[in-house]
Ligand SMILES: Nc1ncnc2c1ncn2[C@@H]1O[C@H](COP(=O)(O)OP(=O)(O)OP(=O)(O)O)[C@@H](O)[C@H]1O
Ligand SMILES: [Mg+2]
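Protein chains in written order, with this note's numbering: chain H, 2 to 309; chain E, 324 to 447; chain W, 474 to 586.
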């Protein structure tokens with residue numbers, strides 16, 4: 002069966018199968034009183050990225066890894082799940098066709114839908130994109146567990162059925178009043194990546210990259226921004242500024258080349274090693290610069306061990 | 324006379340450099356794996372190995388940021404130079420112990436090397 | 474210890490011999506900050522640095538330093554080399570990082586203050 006035929010069959014199946022056949026029935030739930038810092042362990046040990054919040058079997062909200070990350074990135078003040086969770090939860094009934102789940106997951110850009118029993122209105126299960134795919138592939142008798150096939154099929158079928166939007170992203174402003182303020186972005190990103198349980202080597206390389214880029218923006222361009230996005234396999238970063246631009250990129254990339262004035266060198270910068278460092282740290286590296294318009298740097302890192 | 328080379332505790336480093344610790348509750352049992360002497364922050368970041376003790380004359384908050392980002396185990400300032408309050412504050416916040424030695428950067432580095440703290444000679 | 478002996482012992486590249494490669498080195502000094510060199514380096518010191526710009530030679534000459542050694546295989550800028558020639562300051566190079574180079578100099582008996 003070629004891919005196109007497979008997709009056609011999948012599209013038929015989503016109308017035939019019901020949510021109950023795909024959902025996970027043993028649902029991990031948490032109470033609204035749970036402390037936020039206990040959440041990652043629960044998510045991680047159950048290998049899930051979000052969990053319904055219940056009170057006496059009644060669904061009162063949902064809390065995801067994404068909520069956790071935002072909470073953690075925003076200082077991580079002691080809170081409990083009830084303060085941070087999303088209260089307005091999109092749900093689905095267990096007897097609805099799978100296609101409703103697919104379209105709801107897609108429309109509301111959420112990773113999971115709590116499933117309710119229509120007669121009792123209590124939580125009956127939970128369904129994720131992964132569950133949908135697993136159930137459909139199971140019905141097609143495709144052994145998706147086969148190594149290699151699994152990742153390929155999962156990612157391709159995602160594209161075909163629902164566009165994957167399980168990405169986390171953060172943005173930071175870089176304001177360069179003085180060199181001594183530089184490094185805030187690197188420091189807070191480092192803490193966030195650490196809290197997410199990423200491999201220390203990846204965290205270190207990502208932090209070094211942001212730090213060097215941040216200092217360059219402060220020293221040469223005064224202001225700019227960093228956007229970081231994380232999916233299951235990569236951390237990608239874009240650092241852009243509207244500064245003076247770099248006239249000769251090849252020269253700027255050469256180790257030791259620097260236009261930093263003496264005042265900057267006295268503050269410990271201007272060794273001409275920043276861009277070469279970034280290139281060394283990142284798995285992919287692209288820099289674009291237009292004189293008088295600004296500079297954009299795009300880098301990415303492969304993650305071996307991300308949490309959840 | 325051959326000296327055994329290897330990691331060195333912050334306690335021993337402090338003692339050997341006659342240094343004072345200027346951050347609260349220093350974890351003196353932590354070990355520095357290597358020594359790094361530099362006043363240029365990108366050079367510290369390019370230093371390929373975590374758990375280094377950073378010896379430097381630069382006392383700005385950037386030194387702490389750099390140590391944090393590069394996973395240094397501690398920073399030791401030379402020339403008896405007391406860092407500004409913002410540097411100490413930042414270090415307390417990010418858990419980087421700070422020391423101050425009356426020695427020059429040269430003498431402090433030479434002394435630790437002589438006592439067996441390895442450097443990181445190879446340039447990646 | 475004389476500069477040529479140090480260069481031989483530690484495998485230093487002689488970029489410019491300063492007109493007298495056998496001069497006596499009386500101590501060691503390391504910094505990448507010009508202000509520190511101005512404040513603390515002593516006449517006759519061998520200066521270990523990663524900085525390659527022309528001010529290094531200007532400061533070395535002003536303070537009567539014995540020589541400058543550039544670490545990590547750094548090459549001097551053309552104007553730095555020119556200034557070294559003008560001022561008669563020996564410029565040497567090492568592939569080591571500062572901590573290692575200082576350590577080995579120290580073991581040769583080149584002490585600092
Ligand atoms: N965002 C930017 N806008 C304009 N010019 C830049 C920017 N980033 C780098 N440059 C130019 O490229 C040169 C090399 O940058 P690089 O980060 O490699 O070294 P450096 O900043 O000079 O020194 P170091 O990073 O070692 O402190 C800079 O001196 C500057 O001229
Ligand atoms: Mg830079």
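Positions of the beta carbon are idealized from the N, C-alpha and C atoms, including for glycine.
State yes or no: is the beta carbon of residue 528 of chain W nearer than 8 Å to at least one beta carbon in chain H? yes
Could you spell out where the alpha helix (DSSP H) holding residue 335 of chain E opens and where it closes? 333-339
Could you check whether the Cβ of residue 181 of chain H sits closer than 7 Å to any heavy atom belonging to ligand 2? no
Output yes if chain E places a C-beta closer than 8 Å to the C-beta of residue 278 of chain H; else output no. yes
Nearest to residue 513 of chain W (by Cα), restricted to the options W:481, W:579 and W:535: W:535
Run down chain W in chain order and give the residues with a C-beta less than 8 Å from the C-beta of residue 432 of chain E. 503, 571, 572, 575, 576 and 579
What residues from chain W crowd round residue 451 of chain E, counting only those whose CB sits closer than 7 Å? Residue 451 of chain E lies beyond the residue range present for chain E, which begins at 324 and ends at 447; the question has no answer from this structure.
Counterpart residues of residue 497 of chain W in DSSP-defined beta bridges: W:475
Can you list, in chain order, the residues of its chain with a C-beta nearer than 8 Å to that of residue 147 of chain H? Leave out the 5 residues immediately preceding and following it. Any reading at residue 147 of chain H must be qualified, since the residue scores a pLDDT of 43, below 50, and its modelled position is unreliable; the value itself is stated next. Contacts found: none.
Output the boundary residues of the beta strand (DSSP E) element that contains residue 59 of chain H. 59-65
Residue 366 of chain E burial status per 10 Å Cβ neighbour count (16 or more: buried): buried
Are the C-beta of residue 243 of chain H and some C-beta of chain W separated by less than 8 Å? no
Pairwise C-alpha distance: residue 563 of chain W and residue 584 of chain W: 19 Å
Under 7 Å from the C-beta of residue 521 of chain W: neighbouring residues of chain H: In chain order: nothing, as chain H lies at least about 15 Å away.
Between the segment 292-305 of chain H and the segment 391-401 of chain E, do three or more beta carbon pairs fall short of 8 Å? no
For the beta strand (DSSP E) containing residue 301 of chain H, list its first residue and its last residue. 295-303
Sequence-distant residues of its chain with Cβ nearer than 8 Å to residue 95 of chain H (five each side left out): 19, 20, 21, 24, 116, 117, 118, 119, 125 and 126
Looking at the C-beta of residue 537 of chain W, does it have a partner C-beta in chain E at a distance below 8 Å? no
Using only the heavy atoms of ligand 3, determine whether one of them is closer than 7 Å to the beta carbon of residue 528 of chain W. Among the ligands in the structure shown, ligand 3 does not appear; only ligand 1 and ligand 2 can be found there.
Does residue 355 of chain E come within less than 8 Å of chain H when only Cβ atoms are used? no
Run through chain H and tell me which residues come within less than 7 Å of residue 384 of chain E, C-beta to C-beta. 181
Output the residues surrounding ligand 2, defined as those with a CB atom closer than 5 Å to any ligand heavy atom, in chain order. H:217 and H:275
Comparing the C-beta of residue 443 of chain E with each C-beta of chain W, is any distance below 8 Å? yes
Nearest to residue 330 of chain E by CA position, among E:346, E:354 and E:341, is which residue? E:354
So which residues of chain W does residue 437 of chain E contact, with C-beta pairs closer than 9 Å? 576, 579 and 580
Limits of the beta strand (DSSP E) - the one that residue 111 of chain H falls within: Premise fails: residue 111 of chain H is in no beta strand (DSSP E) and is neither H nor E.
Quick check: what's the CA-CA separation for residue 217 of chain H versus residue 287 of chain H? 15 Å
Going along the segment 186-205 of chain H in order, which residues come within less than 7 Å of chain E, judged by CB to CB distance? 187, 188, 191 and 205
Assigned exposure category for residue 1 of chain H - 16 Cβ within 10 Å defines buried: The structure shown does not extend to residue 1 of chain H, since chain H spans only 2 to 309, so no value can be given for it.
Would you say residue 209 of chain H touches ligand 1, meaning its beta carbon is less than 7 Å from a heavy atom? no
Taking just the CA atoms, how far does residue 204 of chain H sit from residue 582 of chain W? 41 Å
By the three-class DSSP mapping on this structure, what secondary structure does residue 413 of chain E have? helix
For residue 222 of chain H versus residue 123 of chain H, is the C-beta spacing smaller than 8 Å? no
Assess, as a yes-or-no matter, whether the segment 278-293 of chain H is touched by the segment 329-344 of chain E under the definition of 3 or more beta carbon pairs within less than 8 Å. no
Short check: CB of residue 443 of chain E to CB of residue 359 of chain E, under 8 Å? yes
Residue 579 of chain W beta carbon near ligand 1 (any heavy atom closer than 7 Å): no
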